[in-house]
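S.K.: Pasting a structure below so you can have a look.
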Amino acid sequence: MPEVELINIAKRFGKVTASADINLKVADGEYVTILGPSGCGKTTLIRMIAGLIEPSEGKVFIAGKDMTNVPIEERDIGYVFQNIALFPHLTALGNVAFGPIVKDMSEEEVKSVPQRYLEMVKLLDRMGMFPDELSGGEQQKVSLARALASGAKLLLLDEPLSALDARVRMDLRYELRRITKDLGLTVIHVTHDQEEAMTVSDRIVLMRNGRIVESNTPEALYLSPQNLFTANFIGETNLLEGVVKEVLPDRSLVELRDGTVVEAKPSKFRRGDAVVLSIRPERVHPANEGLNSVIIKITYMGTYIRITVESDSEDTMLFDVSTSEDRVYSVGDRVNLIWSKRSGILYPRPPEGVEEAIKLE
Amino acid sequence: MKRMDWVVDFISRKGFRKGWTVFIIAFFLFFVVIPTLYVVTYAFTDWSAIETTVLSKPETMSVIVNAVAASFEIAAIVTVIDFLAGLPVAWILVRKEFRGKEFLDTLIDMPLAVPTAALGFSAAVFWVMNPDPVPFSFSVISSPFFLIILLHIVFSYPYMVRSLAAILEEIDDTYEVAGRTLGASRLTAARTITLPLFRAGLATGVILCFSRSMSETGGTMIALSTMANLGIGEAANFFTGSTLIGEWRSLVENDPTYAPSLAFVSILLIALALILLIILKLVIMKFHLPLRKVWPMQEKMLSRGIFPKMKDGGALLFLALIVLIPSFFIFTYVLFSDPASLDMGALSYALGYSFLVAGVVTVIDIALGIPFALYITKHRDRASSNVLDVLVNVPLIVPTAALGYSLFLFWGSTGLTGGASFVVLTLAHVAFTYPLVVRNVAGAVEEIDPSFEETARTLGAKPIQSFHRVLYPLIKSSILAGAIMAFTRSLGETGATQAVLGSNALTAPVYIVSLVKADELYQAGLACIILIIVSYIFMLVLRYLTKKRKEAI
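Each protein sequence line maps, in turn, to chains C and U.
For what it's worth, numbering that gives the first Met the number 0 labels the leading residue of the first sequence as 0, then goes sequentially.
For what it's worth, numbering that gives the first Met the number 0 labels the leading residue of the second sequence as 0, then goes sequentially.
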């Protein structure tokens, strides 16, 4: 069965290191997303798994077999491309039938298999059409059916949705997860869209600068990120700089630059440690007391209003209020902000500075 | 710049632009298309002469049929070989990365820089069986038919590789990779995915090679005369359609009874070339490669190990042995022959005359070809511009000897041929080089997003200014490519020149032909080398000058 294991993978293009120290195990039937900003080496990684490029160091194992020197066509993978890459001279059916034909399946299978997968993506009625007669979403569905019809149990998705419209993208996410789970496939899905990663995966592998930063379930990465970069990249967050004042069994107390003391989760820090406090905008609420701030921007978002403030501690913060709330906010108003101690997470203040630590490259 | 303002304003006026467009199209019709096809009118005005002196004479007919058949057979064989040997090289050029790729890239075009007259001579001394062979020559060919095939491969091969490489460049290699992730071996993926996407490029390559082989006269004549002089007498009686026209054209001056036969062969070649062009185009677009059939095991085996290396090695060996060495063998020939004195005065006069004609022709092509290319690309929605687009190819596929004879008849009917031979020759050369500039420029303009120019217009530029400041810098390299092609074509052309002016034409290639015919092979070889070197230096200077100016801006 196609579990995938990467051992000490590194790839260098001349002097540029595209990936380094990659160790990753994907279980049979698992849906794993490789997430990261553009240029982080995630596409290089999936291309090495597919055999499109050779790693400079390390080994790729698929279903327990060493893939070094195994050409693309013998790795038994399905690959879905960002630019879709349907063969323009073949119909939808011809495209899906390509795998069964070149794999020398029986006449009968060459007839039945493509139709079965076209039905699965609900495009059986479009099978006679050429790629340029299909919409973008339909094309990507055909290309998914094409990858599946070759009989592969390991599916590699290289930014499969990023060329599509926002609405189509949403629909296809659910389709992708439904179909691959129904078929019990192992999936490795590369994307730069953290929302997409959150909604489809069993597990997210977050990459930065060619290395794996953190790997966990979507919930765990969102609720308790182990790393400042993760906290900032997955979802949105406010980062406040301060110094630990006291650590108690049920909370930590942090003194901000203006002397205000705020609460966070209990931690292993000691009094006097320089820290960064991460707090998600939806966990911040206006109250009668708390961190003193001035509203500098108000953005209407539909179901909620996003308010940007400059706090007395010289931190810029975001928080959301429901559109249905009675209170009227305007730029220049003073507000006090509070949050529950369990929603604030502390990280050591990075020596290179916060800006540098959360930079996308 | 202020002083120029009134000029810019004047030429931007609607009336002026309309007049200019009419002038450009009229020039194309009256100086390019109509002269090219004028010979066809002979069939209507003097059909009875053709009937009595050609159709009713079996010997004449059999000479014509044999020559025309030889032309077609040679062109077909050459095209197939070019395709088979050119495809792997095009593939290497586009899909592979290796050291020395640029070097290979320039090597392919080198035969184009050698005038066909020199190529014909060079290939003949390399291949022809010779009791006293030149050192390092192959000296194996005793059949004129095979010699001409080998010669035509030399100058049509670069066209094939270029057209195939151009289209391969356009085809996203993700398709092939996608095929391989689905389980297809390299060979299966290339054959079932990339090749079918190839058809347009294949059509261009096939048509270019076919028509180039069909129409080439000068090099073929020189190769055949050289062969005859080297002792294979059979070559003197071997004709292709084009060389037959060349031969009869030289006879018609003293014996006007050849005129109907000459017109008949010309019409026949033009008609067959046009019909064939249409058939080829249809066949290639309709032809389906056997996609459904795959042989996974066999193709997998052929995709691995030694086979791909053998294919690439074979293709490169072909390039070296069949294309490059014969092109430049002339240097070896002259090195190993007994020196004889060359009439430098006559040669430099001929060279000067050739360069003057080629230069004037290139200037006319550029001045009137660029606006024409712009017109046909910018009015794609109009039927008229599509018709013009097809018509502009006609001089490319009509055999140059037939074209030359047609031009001779056309300009003769206006009474120009007598005194103003320079003018007539220039106009004749414009007719078959003009399409080269138009094709190159139109191809480049089509690639460029019209929104660049539109942006310039919204910023307040007049059409002429947006051309000068936005479009021109982007298409400059294609203009240069077109200019170099036109220049070298004019410089190397023999068939059309002879057909227009007869034997009193004084261009360099015609001079070389006369040396070969007089069995002055050493002098001919030396003259070829001088022609190669002078044109090479000229091209280098041209490239250098255009580069310089780019840096200045």
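Cβ coordinates follow ideal geometry from the N, Cα and C atoms, glycine included.
Using a beta-carbon distance cut-off of less than 7 Å, what residues from the region 183-194 of chain U approach chain C?
M.R.: Ala183, Ser184, Thr187 and Ile192
S.K.: What residue ranges within the region 120-179 of chain U form continuous alpha helix (DSSP H) runs of no fewer than 4 residues, ordered along the chain?
M.R.: 143-169
S.K.: Taking only three categories from DSSP, how would you classify asparagine 237 of chain C?
M.R.: strand
S.K.: By alpha-carbon positions, which one of U/Ala116, U/Leu341, U/Ile33 and U/Thr361 ends up nearest to isoleucine 483 of chain U?
M.R.: U/Thr361
S.K.: To be precise: take each residue of the region 130-161 of chain C, compare its Cβ to all Cβ atoms of chain U, and keep it if any distance is under 9 Å. Which residues remain?
M.R.: Ser142, Arg145, Ala146, Ala148, Ser149, Gly150, Ala151 and Leu155
S.K.: For a cutoff of 8 Å on Cβ pairs, would you count leucine 181 of chain U as touching chain C?
M.R.: yes
S.K.: Would you mind reading off the limits of the alpha helix (DSSP H) that contains serine 477 of chain U?
M.R.: Counted as a single uninterrupted DSSP element, the alpha helix (DSSP H) harbouring serine 477 of chain U occupies residues 471-491.
S.K.: Which stretch, first to last residue, makes up the alpha helix (DSSP H) that contains phenylalanine 238 of chain U?
M.R.: For phenylalanine 238 of chain U, there is no enclosing alpha helix (DSSP H), as DSSP marks it with neither H nor E.
S.K.: Taking glycine 85 of chain U as the reference, which of U/Leu318, U/Asn439 and U/Ala270 has the closest Cα?
M.R.: U/Leu318
S.K.: Are isoleucine 140 of chain U and valine 153 of chain U touching if we call contact CB-CB under 8 Å?
M.R.: Between isoleucine 140 of chain U and valine 153 of chain U, the gap from beta carbon to beta carbon reaches 8 Å or more.
S.K.: If you measure from the beta carbon of phenylalanine 80 of chain C to each beta carbon in chain U, is any gap under 8 Å?
M.R.: yes
S.K.: Run through chain U and tell me which residues come within less than 9 Å of lysine 10 of chain C, C-beta to C-beta.
M.R.: Neighbours of lysine 10 of chain C on chain U: none; closest Cβ ~17 Å, over 9 Å.
S.K.: Residues in its own chain within less than 7 Å of methionine 128 of chain C by CB, not counting five upstream and five downstream?
M.R.: Thr90 and Ala91
S.K.: Quick one: residues in its chain with C-beta nearer than 8 Å to the C-beta of serine 326 of chain U, no 5 flanking neighbours on either side, listed in chain order?
M.R.: Met109, Pro110, Val113, Leu118, Ser121, Ala122 and Val153
S.K.: Name, please, each residue of chain U whose Cβ falls closer than 8 Å to the Cβ of lysine 110 of chain C.
M.R.: Those do not exist, as lysine 110 of chain C stays about 12 Å from chain U at its closest Cβ, beyond 8 Å.
S.K.: Residue range of the alpha helix (DSSP H) that valine 45 of chain U falls in?
M.R.: Reading the sequence as shown, one finds aspartate at residue 45 of chain U and not valine. No alpha helix (DSSP H) contains aspartate 45 of chain U, which DSSP labels as neither H nor E.
S.K.: Pull up the CB-CB distance for valine 275 of chain C and tyrosine 221 of chain C, whole angstroms please, since I reckon it's below 8 Å.
M.R.: In fact, because the Cβ distance is near 18 Å, the residues do not count as touching under 8 Å.
S.K.: What residue range is occupied by the uninterrupted beta strand (DSSP E) comprising serine 310 of chain C?
M.R.: 303-310
S.K.: Taking lysine 24 of chain C as the query, report the chain U residues whose CB atoms sit under 9 Å from its CB, ordered along the chain.
M.R.: For a Cβ distance threshold of 9 Å, nothing in chain U lies close to lysine 24 of chain C: the least Cβ distance comes to about 22 Å.
S.K.: Please list, in chain order, all residues of the same chain as valine 429 of chain U whose beta carbon is under 6 Å from its beta carbon, the five residues on each side excluded.
M.R.: Taken in chain order, the residues that qualify are Val360 and Ile363.
S.K.: Please report how far the alpha carbon of glutamine 522 of chain U lies from the alpha carbon of leucine 426 of chain U, in whole angstroms.
M.R.: 30 Å
S.K.: Using 8 Å as the Cβ pair cut-off and three pairs as the minimum, do the region 235-243 of chain U and the region 516-535 of chain U touch?
M.R.: no
S.K.: Compare the C-beta of leucine 167 of chain U with all C-beta atoms of chain C and state if any pair is closer than 8 Å.
M.R.: no
S.K.: Quick one: measure Cβ to Cβ for valine 59 of chain C and isoleucine 45 of chain C, integer angstroms, because I've assumed they're closer than 8 Å.
M.R.: Not a contact, Cβ separation roughly 11 Å.
S.K.: So is isoleucine 80 of chain U buried or exposed if we call it buried at 16+ other beta carbons inside 10 Å?
M.R.: buried
S.K.: Taking the alpha-carbon of leucine 247 of chain C as reference, which of C/Ser18, C/Ser161, C/Lys264 and C/Glu254 has the nearest alpha-carbon?
M.R.: The candidate whose alpha carbon is nearest that of leucine 247 of chain C is C/Lys264.
S.K.: Under 8 Å, Cβ to Cβ, is there at least one residue of chain C near alanine 177 of chain U?
M.R.: Taking Cβ atoms only, chain C reaches closer than 8 Å to alanine 177 of chain U, which makes this a yes.
S.K.: Short check: CB of glutamine 139 of chain C to CB of leucine 171 of chain C, under 8 Å?
M.R.: The answer is yes: Cβ separation under 8 Å.
S.K.: Just to confirm, does aspartate 164 of chain C get its C-beta within under 7 Å of one of the non-hydrogen atoms of the ligand NAD?
M.R.: By its list of ligands, the structure shown contains no ligand whatsoever, and the ligand NAD lies outside what it can speak to.
S.K.: My understanding is that glycine 289 of chain C touches valine 243 of chain C, with C-beta atoms under 8 Å, so please give their C-beta distance in whole angstroms.
M.R.: Glycine 289 of chain C to valine 243 of chain C, Cβ: 19 Å. No contact.
S.K.: Compare the C-beta of glutamate 174 of chain C against all C-beta atoms of chain U and say whether one is closer than 8 Å.
M.R.: So, not an interface residue.
S.K.: Does chain U have any CB closer than 8 Å to the CB of proline 87 of chain C?
M.R.: yes
S.K.: Ordered along the chain, which non-local residues of its own chain (more than five positions away) have a Cβ less than 6 Å from that of alanine 455 of chain U?
M.R.: Ser465 and Val469
S.K.: Along the chain, where does the beta strand (DSSP E) that runs through histidine 284 of chain C open and close?
M.R.: 284-286
S.K.: Is the beta carbon of tyrosine 348 of chain U less than 8 Å from the beta carbon of proline 394 of chain U?
M.R.: no
S.K.: Going by the DSSP bridge assignment, what does serine 321 of chain C pair with across the sheet?
M.R.: C/Tyr303
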